[in-house]
Each structure stands twice: as structure tokens, then as C-alpha cells.
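Asker: Quick mapping for you: the protein sequence lines, in order, are chains A and B. Sequential numbering of the first sequence, starting at 1, is according to this note's numbering. Sequential numbering of the second sequence, starting at 1001, is according to this note's numbering.
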Amino acid sequence: MIFHIELFIPELYLLALIGGLFVLTVGPQSWWRFLRYLPLAAGVGIGVAALSFQFSGLMLYGAYQVDGLSQFFKMAIFLGLAVTCLNAMNQPTLSEEKRPDYFLFLCLSALGLMLLSSAVELVTIFLALELASYSLYALIPLRSKEPAAAEAGIKYILFGAVVTALAMYGLSYILGVHHTTYLAELVTKTWSWSETPAALIGIALFLGALFYKLALFPLHFWCPDVYEGASNETAAFVATLPKLGAVVVLVRMSSLLDPSMEVTMLLAVLAAVSMTFGNLSALVQNDLKRLLGYSSVSHAGYVMLGIVAGTPAGLSAAAFYAVVYLLMNLACFWVICRLSTDGRNLKLDDLNGLYQRSPGLALVLAVSAFALVGLPPTAGFMGKLFLLNSAWMEGYHWLVIIAVLNSAIAIYYYLNLVRHAYTRDAPTDVPAEALAVPNPGLLWGGLLAAAVLWLGVAPGTLFSFAQLAGATVGVGP
Amino acid sequence: MTETGFPVLSALIFFPLLAAVGLFFLRDERTIRLYTLVVGLIEMGLAAPLFRFDLTTANFQFVEIMPWVPAWNMNYHVGVDGISILMIFLTVLLLPLCVLCSWTYIGKRVKEFHFCLLLMIGACVGIFSALDFVLFYIFWEAMLIPMFLLIAVWGGPNKRYASLKFFIYTLAGSTLFLAAIVAFFVNTGTFSIPELMTHEYAFNFQFWTFLAMALAFAIKVPMFPFHTWLPAAHVEAPTAGSVLLASILLKMGTYGFLRFCLPLTPAASEYFAPLMITISIISILYGGAIALGQRDMKKLIAYSSVAHMGFVTLGIFVFTMRGVEGAIMQMINHGITTGALFMLVGAIYERSHSREIADNMGLGKYLPAYMFFFGLFAIASFGFPGTNGFVSEALVLIGVFEANYLLGALTIPGVMLAAAYMLRLGLKLAWGQPSQAANWKDLNTREWVYLAPLAVLVLYLGLMPTLALKTINPSVVHLLNQYETRKALHMESSLQPEPPAQIVQLPATRGTDQ
Chain A
1 MIFHIELFIP
11 ELYLLALIGG
21 LFVLTVGPQS
31 WWRFLRYLPL
41 AAGVGIGVAA
51 LSFQFSGLML
61 YGAYQVDGLS
71 QFFKMAIFLG
81 LAVTCLNAMN
91 QPTLSEEKRP
101 DYFLFLCLSA
111 LGLMLLSSAV
121 ELVTIFLALE
131 LASYSLYALI
141 PLRSKEPAAA
151 EAGIKYILFG
161 AVVTALAMYG
171 LSYILGVHHT
181 TYLAELVTKT
191 WSWSETPAAL
201 IGIALFLGAL
211 FYKLALFPLH
221 FWCPDVYEGA
231 SNETAAFVAT
241 LPKLGAVVVL
251 VRMSSLLDPS
261 MEVTMLLAVL
271 AAVSMTFGNL
281 SALVQNDLKR
291 LLGYSSVSHA
301 GYVMLGIVAG
311 TPAGLSAAAF
321 YAVVYLLMNL
331 ACFWVICRLS
341 TDGRNLKLDD
351 LNGLYQRSPG
361 LALVLAVSAF
371 ALVGLPPTAG
381 FMGKLFLLNS
391 AWMEGYHWLV
401 IIAVLNSAIA
411 IYYYLNLVRH
421 AYTRDAPTDV
431 PAEALAVPNP
441 GLLWGGLLAA
451 AVLWLGVAPG
461 TLFSFAQLAG
471 ATVGVGP
Chain B
1001 MTETGFPVLS
1011 ALIFFPLLAA
1021 VGLFFLRDER
1031 TIRLYTLVVG
1041 LIEMGLAAPL
1051 FRFDLTTANF
1061 QFVEIMPWVP
1071 AWNMNYHVGV
1081 DGISILMIFL
1091 TVLLLPLCVL
1101 CSWTYIGKRV
1111 KEFHFCLLLM
1121 IGACVGIFSA
1131 LDFVLFYIFW
1141 EAMLIPMFLL
1151 IAVWGGPNKR
1161 YASLKFFIYT
1171 LAGSTLFLAA
1181 IVAFFVNTGT
1191 FSIPELMTHE
1201 YAFNFQFWTF
1211 LAMALAFAIK
1221 VPMFPFHTWL
1231 PAAHVEAPTA
1241 GSVLLASILL
1251 KMGTYGFLRF
1261 CLPLTPAASE
1271 YFAPLMITIS
1281 IISILYGGAI
1291 ALGQRDMKKL
1301 IAYSSVAHMG
1311 FVTLGIFVFT
1321 MRGVEGAIMQ
1331 MINHGITTGA
1341 LFMLVGAIYE
1351 RSHSREIADN
1361 MGLGKYLPAY
1371 MFFFGLFAIA
1381 SFGFPGTNGF
1391 VSEALVLIGV
1401 FEANYLLGAL
1411 TIPGVMLAAA
1421 YMLRLGLKLA
1431 WGQPSQAANW
1441 KDLNTREWVY
1451 LAPLAVLVLY
1461 LGLMPTLALK
1471 TINPSVVHLL
1481 NQYETRKALH
1491 MESSLQPEPP
1501 AQIVQLPATR
1511 GTDQ
């Protein structure tokens, strides 16, 4: 067994963090002040992952591959983790004694996602996915005095368990037909309905588990409910990082998806339905987190454009979009978490007059909403453009048309966020001082918004990273 | 870099954007207005190198090109030709005038207002100078955000409805335009507009891309069935918003037709020309007829815009030299006169707090200077000889008659309608009764300052249009030559099988890791 320690640096770093957090959970409360350095430590992780970009190789009997793609996503996961930890620092609905545990689970989930980004063997993928999920099963109901939280937790666990079981079942089919679980070997096998129908069913079931994470139609039903039930800070995590994990595995598995394969067409149809269904449902939402839940269903559809295209261009576009989605969604949740000082769920009307109460937050919200629509000059536009280009190149003209028409639908509800913040007045029966939003950490929200704008103006650097990621997907020898 | 060494177009695009950031450090409202005014004057100074524009060539000048996203062959690529340079001059001129006409009109959120104004101007210069398709689209969409805010925050009582309608209508229209851009890229492997113009496209491809682009442009213009957002947006927008909307935004649509539809999809333009001409004539007649019945001054001018822009699209789609030249002149002239008319409506609104014609009558006796300007711009608006409107309308009409007598005959009632509604408005304002005008003051110095340059332009372009026409001419000749030859080429080659589409490849992929 080959084990190169230098290939494992980001994971080891995160493991060390988790170890530290474990000590905090069992240690005396006076140690908990160290918790506030966690975002910084996670931020350092971005650098650690960036340093390990130079390494690449296979290890653990070829089940674990370190390459451009994995390192790219590990960097993104550290970035997301740093922001979500920072965001969750002063979580109002979390009882004090659970704080270290909360962050322990966050980091464990991130570790699972990190392993996921390097896994190139179905069982390894499955295990990494489970590690990422189990932590979330514990996190979602971790919200004191809120019956909806328990309901959301149960929903996530039960549906997650069913999907997991189906994925395992699918895995057995693949193994039974093709006698291997290594992606590298699976690529060389035949995947067609006429020759190996069982394997095709197997891969469809296995992909289902990933679609569940990605909240792609028809496995999206948990998404709005879980967002609504989880606390704002947890929702910010659930809405962003697991999506990255799902995208990275889909990018890897897309080498299995030959354009001639029937599954690809099915995926294209799912992408189209997902976009349309997510957007139409979001139109009527009043609860902000539900709205973002349905919007993430539609964004899952957008990412699939790149996966369906399956070319290096498409995969790098998908990788780019996943990171952009992480940034813009985090910026949006950042505003929600700052605004909801008592941790309750916000309605659209709670945004009224945000402009007067906190101009900075209003601006961050506007930037992230316009980015989510895909309006220039934000990164959301660039990401969408890359996706559309790659899908059109592979001849999915109808899918591109559906995607752009969907942006037209999406305008309404995203613009609604901006309208409430900028053109409605704050409620007059409450004194203005009571409504004024304190701005701690506005700087970080501003940085997120600035990143979204910067990547819209100059997407070159990140895209060349993403290109590296897309180019290295050729699994194994 | 440019031939002058100074990146004049980039300076014009980015100076207002940078200056907008500077606003954050200012607090006092008066300082903010003065600051923006100075920024506007500097911006005009920055445009001065554009006067070195070479009138003898149809090539793009002041070109700057820099790699932007190499992986997708996107470049930061700007430049101007005879079609766009005048629009840039107009845009730059409007910034200080808009600041001046909002001096007392805008009383709340002054800083944000000027912020939006500066963003608008930067984006609009960007639109008229972009030579990269993605860059164009970015400016095209980016300009919607400040415009949306201008209407939504500083607008009239119905601002929410109007701003939402404006935003969704125009953005929804341009989503398919994005699909067309992607299609062009995948077909040719480039986003560069000059390069795209040298390619040949299959008719089927032209057919669909023309439709996708034309929808976006027709909404922006706005042409007849897509015009409903315009009156709402105009009526609710603050004065400066209406001015920018009328003078620049509407021109983006017709500019798009000239820049993209004719050169890129000549065969489809030819194919759809009867439809476009029909819609243009309907716009002219319909806009004029509806304007005749309006009681709200802003609505009247808004509907007159529908009619005037109908002349522009008509001139473009008859494909004669005079028609296209007239169309471009009409774009400029409509920008000047309608912008000025909206400023005048804003000025009288500050006195009467009403836009109803009935509330603003009898100005001839008490506000002679106001009526002088109003009369001048009104007669320019319906194309009175000696004013700029006459030059462009006459050119378009000559172009239309050259193409087809019947079409020309159909257009004439539109010209008469324009005279009718403008004269009716002018008469009522000047001599109507009863009058509250006795209590109002005539134009003050500030109002003189922002109206006078436009009045000078009206007379200058009306009496001596030679320079403007010389600027436009080479580009129009080139555009039409190219259009004719490529249409002919297409006719010849239409029977032969299509050459395979060239597919772009991303740079070579890195080897698999081991």
C-alpha cells in the first residue's frame, strides 16, 4: 500500500483541527474561547490546500486520487468552512453548552466532503458521503426550543437513509455486472441499455444519492423543509458545502457518461425539470430560507449543464460554477444570519427598509441576489455563460434555451429581495433604533460580495484553476 | 493601446465608475452635486481626444484590446466607428446636464442618486464602444441595475410597478440574446465582433439568432407590441432617469440592430425586413395617435418616442444609404430633443407639482424663456425645417421612398401626427386657460445652462449637419456594402451544402495523474 503523507496534507490539517475541537468538547468551558480562532484556522487551510496543489498521485490501493480537481475543491471547501464557521460564531439559537460540538460536527462534515473530492472508487465515495451526511444529521436538529428543527432533522435522516440504501443497492448491481468499483475500470466497460441494463439501473440508483445531496429534481423535496427547519447558520452550511461535494463526484463520474449513453439524456431532462420546477416554486415563497431552498434546486439544474456536456470545458465550467454558487449563496445567507439577530426565520417583509437600517447589508444582499440571477457584472453571470457555452458546444441547444428562459423566471423572485430591501419602507410602528441592524462582521459579508463582483469582472484566474480541475478528470491510468 | 497612446475609451468607461466610489467619502448634499458635476465636466474633457476621429475610414478606431478570459477567447476589446462615436458624445454630454436638471428635483438619498447616475454613464459608454460580444452583454445588462434603482427609489407614486415591469421586461427579452451570443461563439470560436462580421453563417442559423437578438432589441427600442413598459417607466422615472431612458437606453436597441443584426445575419435581416418595416410603420402611426390623446405631458412625450424610434427602425430596415444615415441621425436627434423635452417637463413639474397639461397652461405670458425652449424642442421633435429633426426625418423618408413609394406614403401620416400632437401641446402650454403660471418664476440660470447646449445642438445639427453626416457616412457605406455582398454570396451558396461548423477546443488538457 502506497501512502504518501504529502498527498494527504489538507486532510491531515483538518483532522488536526477536528482533534483540537474534540479536546475542546471534553475540556473545561474556559478553553472555549479558543473557538473564535476556528475561522482563522480554517482560512489557513485554504493556503495549505493551495500549497498541496503541486502534488498529485494515487494512493490507498488506487481508491484515493489527489489531482488538480481534488485540490481545487479542497481549497473551496476550506473557504466555505471558514466562512460558515465565522458566520456561525454567534449563533443565537444554539444553547451555550453545545457550541464546541456544533463546530466539531461542521468540521467532520467538511472532512467527509474533502475525502469525497479525492475518492475514485465507489465504496470510498459512499463512505465519504456518509461521513459528510452523518455529521449533518446531528447538526440540523441542534437548535434548541424549535419543533421544526426536529422535524427537519428527521426528514433529512429518513430520506437520507432511504437514498443511501438505494445507492448501496445500485452499487451491488454495478459490482455484480462489471466486477469492479473503481471508476477508472468502470470507464472502460460498456454502459448501454441493450447490453448491461442492470449496470445502468445500478448507476442511476447510485447517482440518486448524489442528486439527493445536490437537491436535483426529483430528489429535492427535503431541501426547502430542511432549510426552513434548520437554524440560519446551519442552513448556510447545508446549502453550500454538500453541493460542492456532490458536484465534485459528479464531475468525476461524468467520465462514465458517454454522450451516447442513455443516462446522459436522462440527466439533461432532469436538469431542465429541476431548473423549471425550482424557479416556479420559488416564485411563491415568502420564507427566505424556503425561497433559497427552491432556488438551490434550480441551481442544481444549472450545474448539470456542465456535467451533461461532459467535456473538459463543461466540467471546468461546472467546477467554476460550484465555487461561485458557494460564494454568492454564502453572501446571501450572511445577510440573513446578520439580520435575524434572534435566530428566527425571516420572511420577505423582514427585509423591508433594510436600506435604511443597514446600507452595507442591503448592498451585499443586492450583489448576491443579482449574482444568483446571473446578471452581469457578477460572477453568477460568468459561471452561467461558461455553462451555457459548454452545453451548446455539445449540441444541447434545447437545454440552453430552457436555461436562459429560466433566468427570466428567476429574475422576479431574486429582484423581490432587492425591492424589499431598497424600495419598501421599514415598518413605521416600531422605533427606528430598534430596527437598526448592528453591523458586526459586515466586513466579511462585504468581502464575499466583493469576491462575487471581482470574479465577475476577472474570472480568468479562478477559471484557469477550474480548467485544471476539469482537465484532470481522466480517472486513473 | 490606441494610436493616440491614451486609452480614451477605457478612460471614458472607467472614470465615472471610479468617481462613483469617491462619492462614498462625501456627506454634504451640495458637495455631492458639485463633485458629480465636476466629474461630468472632466468626463467631457476626457472625450476630447475622440475629435481626432478619422472621417475617411470605416475601420474601428481608438481600439484597445487586452486578453480577459483566455480559456474562452474573451478579450477586453473596445473601439468606435462612425455609428457609435456620436452616441458616445451624446452620452458624455448628458452626464453634467442630468446632474444640473436634478439639482433641486432630487431631495432624498442624494448620494445614491448620483452614484447610480455615474454607473449608468460608465455602462452606456461601454455599450457603445464594446467590440467583444460578452463585454457588450455585460454593459447591456449592468446598466439595468442603476436604471431600475433610479425608477424604483426616486420615481413617482407608481414606481414599484413601473420599475419591476421595466426590469423584467427588458431582462427577460435579453436572455435569449445571451443564447444567441453563445451560439455565435460555438459556431466561430470567437466573441470578437469585428471578427464575427467576417464569418458566413447558414440561413437557418441566421434565422434563429436574428429572432433571438431582435426580440431583445425590439423590447429596448421599443417597437410596437413590446412598448408597454416604456410609458410606465417614463412617467414614473425622475427627470434625469427619463432623460437617460429616452436619450440613451432606447438607442441601445437600434444600435444593436445596426451593429449585430445587419452585419451578422444579413440574409435573415432581409428575410424579416418586411415584418420589421410593418412593425415600424405601426409604431409610428400608433405612437403618434396615442400621443395625440394624452393629458399627461410625460406620457405624451413617451408615446412620441415610440413613434420617433419607429422612424429609426424603418430607416434601418429599408437598407438604403439615406435610410440608414437618417436612422443614425434620428438616434442622435431624438436623444437631444426628447431629452430636452423631458428636462423641460421636469422643470415645470418643480413649479406646478403636476404633469397634467391642464395644470401647466398659460406659460407664454409669464415664462417666455421656458416657452422659447419648449417651442424650439417641440418643432425640432416633429421635424421642422432648420432643426435637427428635419434632417433625420427627411433622410429617412427619402430612403424609404427610394425603397418603395407605397411605404413612403404610409409613413407620411406619422409625420403629420407628430406635428399635430406637438403643436397641440405647445399651444395649450403657451396660451391655455386658466393659468396658475402667474406665480411661477421663469427659467433660472441653472436651467438655462442645461437647456442652452441642447438648443445649440438642435440648431447646429439642423443647419449644418455636414460634419455629423461625414462622420457617419464611411461606416454606413461599409455596412451596406458588406450587407449587399454577403447577401449576394449567401444567395449563391445557399444551394451548396453547409461547411462543417468549426468547434473550439480548450487548450490542451493536462495528462492524467498517476
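Ideal Cβ positions, reconstructed from N, Cα and C, are used throughout, including at glycine.
Quick check on T1485 of chain B: buried or exposed, where buried means 16 or more other Cβ atoms within 10 Å of its Cβ?
Answerer: exposed
Asker: Where does Q1436 of chain B fall in DSSP's three states?
Answerer: coil
Asker: Which word fits N1187 of chain B, buried or exposed, when buried means at least 16 other C-beta atoms lie within 10 angstroms of its C-beta?
Answerer: buried
Asker: Measuring CA to CA, which of B:L1150, B:I1316 and B:H1353 is closest to T1278 of chain B?
Answerer: B:I1316
Asker: Any C-beta of chain A sitting closer than 9 Å to the C-beta of T1175 of chain B?
Answerer: yes
Asker: Quick check on the DSSP output: what are the complete alpha helix (DSSP H) runs of length 4 or more inside the segment 196-244 of chain A, in order along the chain?
Answerer: 197-214, 222-229 and 232-238
Asker: Pop quiz: H420 of chain A and D349 of chain A are said to be a contact at Cβ under 8 Å. What is the actual Cβ separation, rounded to whole angstroms?
Answerer: 7 Å
Asker: From the beta carbon of P1070 of chain B, is the nearest beta carbon of chain A less than 9 Å away?
Answerer: yes
Asker: Hey, is the segment 1128-1137 of chain B in contact with the segment 1188-1198 of chain B, meaning 3+ C-beta pairs nearer than 8 Å?
Answerer: Using a C-beta cut-off of 8 Å, the segment 1128-1137 of chain B makes contact with the segment 1188-1198 of chain B, since at least three inter-stretch Cβ pairs fall below that distance.
Asker: With distances taken between CB atoms, is the gap from M89 of chain A to L171 of chain A smaller than 9 Å?
Answerer: no
Asker: Under the three-state reduction of DSSP, which class applies to S1305 of chain B: helix, strand or coil?
Answerer: helix
Asker: List in chain order: all unbroken alpha helix (DSSP H) runs of 4+ residues lying wholly within the segment 1068-1136 of chain B.
Answerer: 1082-1101 and 1110-1129
Asker: Using beta-carbon positions only, say whether V1125 of chain B and V1092 of chain B come within less than 9 Å of one another.
Answerer: yes
Asker: Identify each residue in the segment 393-424 of chain A for which the Cβ-Cβ distance to at least one residue of chain B is less than 7 Å, and report them in chain order.
Answerer: M393, V400, I401, V404, L405, S407, A408, I411, Y412, L415, R419, Y422 and T423
Asker: Which residue wins for smallest C-alpha separation from L86 of chain A, given the options A:P39, A:E394 and A:G360?
Answerer: Ranking the options by Cα distance to L86 of chain A, first place goes to A:P39.
Asker: Can you have a look at I336 of chain A and say buried or exposed, based on whether 16 or more other CB atoms are within 10 angstroms of its CB?
Answerer: The residue in question, I336 of chain A, is buried, as its Cβ has 16 or more Cβ neighbours within 10 Å.
Asker: Given that a residue counts as buried once 16 or more other Cβ atoms are within 10 Å of its Cβ, and exposed if not, what is Q1502 of chain B?
Answerer: In this predicted model, Q1502 of chain B has a pLDDT of only 48, less than 50, meaning its place in the structure is not dependable; the value taken from the coordinates is given anyway. With fewer than 16 other Cβ atoms within 10 Å, it is exposed.
Asker: Return the chain-ordered list of same chain residues with a C-beta closer than 6 Å to the C-beta of F211 of chain A, the five sequence neighbours on each side being excluded.
Answerer: L219
Asker: Compare the C-beta of Q54 of chain A against all C-beta atoms of chain B and say whether one is closer than 9 Å.
Answerer: no
Asker: Does the beta-carbon distance from W444 of chain A to A379 of chain A come in below 9 Å?
Answerer: Not in contact: W444 of chain A and A379 of chain A (Cβ atoms no closer than 9 Å).
Asker: At the 9 Å Cβ level, is P39 of chain A part of the contact set with chain B, yes or no?
Answerer: no
Asker: Out of curiosity, what's the CA-to-CA distance linking L1423 of chain B and A1380 of chain B?
Answerer: About 11 Å.
Asker: Out of A:V308, A:A199 and A:Y321, which one is the CA nearest neighbour of K243 of chain A?
Answerer: A:Y321
Asker: For chain B, is any of its Cβ atoms less than 9 Å away from the one on G286 of chain A?
Answerer: In the sequence as presented, Gly is not what sits at residue 286 of chain A; that position holds Asn. Taking Cβ atoms only, chain B never reaches closer than 9 Å to N286 of chain A, which makes this a no.
Asker: Where V1312 of chain B and G1326 of chain B are concerned, what is the direct C-alpha to C-alpha distance, given to the nearest angstrom?
Answerer: 8 Å
Asker: Measure how close the beta-carbons of A128 of chain A and P141 of chain A come, nearest whole angstrom, since I'm counting them as under 8 Å.
Answerer: A128 of chain A to P141 of chain A, Cβ: 23 Å. No contact.
Asker: Helix, strand or coil: which one does DSSP assign to Y169 of chain A?
Answerer: Secondary structure at Y169 of chain A: helix, using DSSP grouped into helix, strand and coil.
Asker: Less than 9 Å between the C-beta atoms of C107 of chain A and A50 of chain A, yes or no?
Answerer: no
Asker: In whole angstroms, what separates the C-alpha of V238 of chain A from that of L136 of chain A?
Answerer: 8 Å
Asker: Would you kindly work out how many angstroms separate the C-alpha atoms of G1414 of chain B and L361 of chain A, rounded to a whole number?
Answerer: 50 Å
Asker: Shorter than 9 Å from the beta carbon of Y460 of chain A to some beta carbon of chain B?
Answerer: Looking at the sequence itself, residue 460 of chain A is Gly, so the reference to Tyr does not match. Closer than 9 Å to some Cβ of chain B, the Cβ of G460 of chain A qualifies, so yes.
Asker: Given a cut-off of 9 Å, decide if F1377 of chain B and L1341 of chain B are closer than it, judged by their beta-carbon atoms.
Answerer: yes
Asker: In the segment 1179-1203 of chain B, which residue ranges form an unbroken beta strand (DSSP E) of at least 3 residues, counting only runs that do not cross its ends?
Answerer: none
Asker: Determine the chain E residues that contact L388 of chain A at a beta-carbon separation under 8 Å, and present them in chain order.
Answerer: Among the protein chains of the structure shown, namely A and B, there is no chain E.
Asker: Under a CB-based cut-off of 9 Å, is L1009 of chain B close to chain A?
Answerer: no
Asker: Looking at the unbroken beta strand (DSSP E) that takes in M59 of chain A, where does it start and where does it end?
Answerer: G57 to M59
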